[in-house]
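Presented below is the structure to which this report refers.
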């Protein structure tokens, strides 16, 4: 389709994909959703977002249970967790139009590097960093509590010479849907910055069974959150990515202003889904170790989550 009217595919339409996909659809874009467990509910009842920012949003949407039934999409937004990227790759390849732009709306480090070899050579790969408090309530129903920014950075593609232009196009798509968005010249550095929040709050929500307000409201847990934040920044700097001055305190202040929130890893844990331990913990730990930097608190959190994740998934067998 024409660049001014692109066809957008959403792969992984849980809280993240459903939220941004519905905003894009309500803004008039041609949006198509690939669904698995939610297909029956969404195909019959549509998609709903209960948003503290945008109000109640609802629409009947183009949805599919099979990627082969989707029309070729110019942009593909990947809202599924990084744990499923190897299985998602064939669906992305099938749903993408020639020269498709694939945006990973995922947490963690090196998720693009993991997916890149599994995509077609003509596909462009970008990262999308979501700063949003959203969770899936029931099939086809998403609660949006706060925030919503998506920042976009270029990873790779044919020739690697269209990165800036494609980032601008991606930013424009989100902005047209009422979503705050800017381009990121250093995608890896931006992912490290997001880890400064994700590492403590995701992991500790699982390990301690505590929400953001509970973690920051207890002096012992707050000390641990701050120590983990500082340690992640040490790892980032060791890997060549400067961190903004006072960044940890900025994130703490932002979190205190947010509604009380249970991070996504907590929901994955209680529903016995795989945890994103490799992307959020193992990958940055490996990068830091390669740079001669040891992150002991993060390592302990990672090992604890691996133990809990293994036993949680085993409970479903």
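Residue numbers (the numbering used here): 2 to 318.
All C-beta atoms, glycine included, are put in the ideal place defined by N, C-alpha and C.
None of these values were measured; they are calculated from a predicted model.
Exercise. For the candidate residues 306, 127, 53, whose alpha-carbon lies nearest to that of residue 209?
Worked result: 306
Exercise. Which residue's Cα is closest to the Cα of residue 109: 88, 174, 131, 97?
Worked result: 131
For this session: Compare the C-alpha of residue 15 against each of 79, 61, 256 and name the closest.
Result: 79
For this session: Note down the Cα distance separating residue 44 from residue 61, rounded to an integer number of angstroms.
Result: 8 Å
For this session: Starting from residue 157, trace the beta strand (DSSP E) both ways and give me its first and last residue.
Result: First-last of the beta strand (DSSP E) with residue 157: 142-157.
Exercise. Are residue 93 and residue 103 close, meaning C-beta to C-beta below 8 Å?
Worked result: Closer than 8 Å, so yes.
Exercise. Going straight from the alpha carbon of residue 75 to that of residue 223, what length do you get?
Worked result: 44 Å
For this session: Mark residue 195 as exposed unless 16 or more other C-beta atoms lie within 10 angstroms of its C-beta, in which case mark it buried.
Result: Burial check for residue 195: the Cβ neighbour count within 10 Å reaches 16 or more, so the residue is buried.
Problem set entry | Unbroken alpha helix (DSSP H) run spanning residue 20, endpoints | Element bounds for residue 20: 16-27.
For this session: Given a cut-off of 8 Å, decide if residue 47 and residue 55 are closer than it, judged by their beta-carbon atoms.
Result: no
For this session: Please determine if the region 225-243 and the region 288-300 are in contact, where contact requires at least 3 C-beta pairs separated by less than 8 Å.
Result: They touch, by the three-pair rule.
Exercise. How should residue 245 be labelled, buried or exposed, when 16 other C-beta atoms within 10 angstroms of its C-beta is the threshold for buried?
Worked result: The residue in question, residue 245, is exposed, as its Cβ has fewer than 16 Cβ neighbours within 10 Å.
For this session: Mind reading off the beta-carbon distance from residue 268 to residue 136? Whole number of angstroms is fine, and I expect it under 8 Å.
Result: 6 Å
Problem set entry | Closest residue to residue 157 among 128, 175, 184, 151 (Cα-Cα distance) | 128
Exercise. Of the choices 64, 120, 70, whose alpha-carbon is the least far from that of residue 347?
Worked result: Because residue 347 is not part of the residues shown, which for the chain are 2 to 318, the question remains open.
Exercise. Taking the beta strand (DSSP E) that residue 79 falls in, what are its first and last residues?
Worked result: 74-79
Exercise. Would DSSP call residue 297 helix, strand or coil?
Worked result: helix
Problem set entry | Identified DSSP bridge partners for residue 97 | 74
Exercise. How would you write the range of the alpha helix (DSSP H) that residue 63 sits in, first residue to last?
Worked result: Run containing residue 63: none in the alpha helix (DSSP H); it sits in the beta strand (DSSP E), 63-65.
For this session: Report the partner residues of residue 136 according to the DSSP bridge assignment.
Result: 144
Exercise. Since residue 155 and residue 168 are thought to touch, with beta carbons under 8 Å apart, how far apart are those beta carbons, to the nearest angstrom?
Worked result: 5 Å
Exercise. Exposed or buried, what is residue 29 when buried is set at 16 or more other beta-carbons lying within 10 Å of its beta-carbon?
Worked result: exposed
Exercise. Between the region 242-259 and the region 178-197, do at least 3 Cβ pairs fall closer than 8 Å?
Worked result: Yes, since at least three Cβ pairs between the region 242-259 and the region 178-197 fall closer than 8 Å, the two stretches touch.
Problem set entry | beta strand (DSSP E) runs wholly inside the region 173-212, at least 3 long, in chain order | none
Problem set entry | Assigned exposure category for residue 250 - 16 Cβ within 10 Å defines buried | exposed
For this session: Take residue 148 and list the residues in its own chain whose beta-carbon comes closer than 6 Å to its own, dropping the five residues that flank it on each side.
Result: 132, 133, 134
Exercise. Could you give the distance in angstroms between the alpha-carbon of residue 159 and the alpha-carbon of residue 117?
Worked result: 12 Å
Exercise. Does the beta-carbon of residue 317 have 16 or more other beta-carbons within 10 angstroms, so that it is buried, or is it exposed?
Worked result: With a pLDDT of 45 at residue 317, under the threshold of 50, the predicted position of this residue should be treated as unreliable, and no value is reported.
Exercise. Grouping DSSP H, G and I as helix and E and B as strand, with all else coil, what is residue 126?
Worked result: strand
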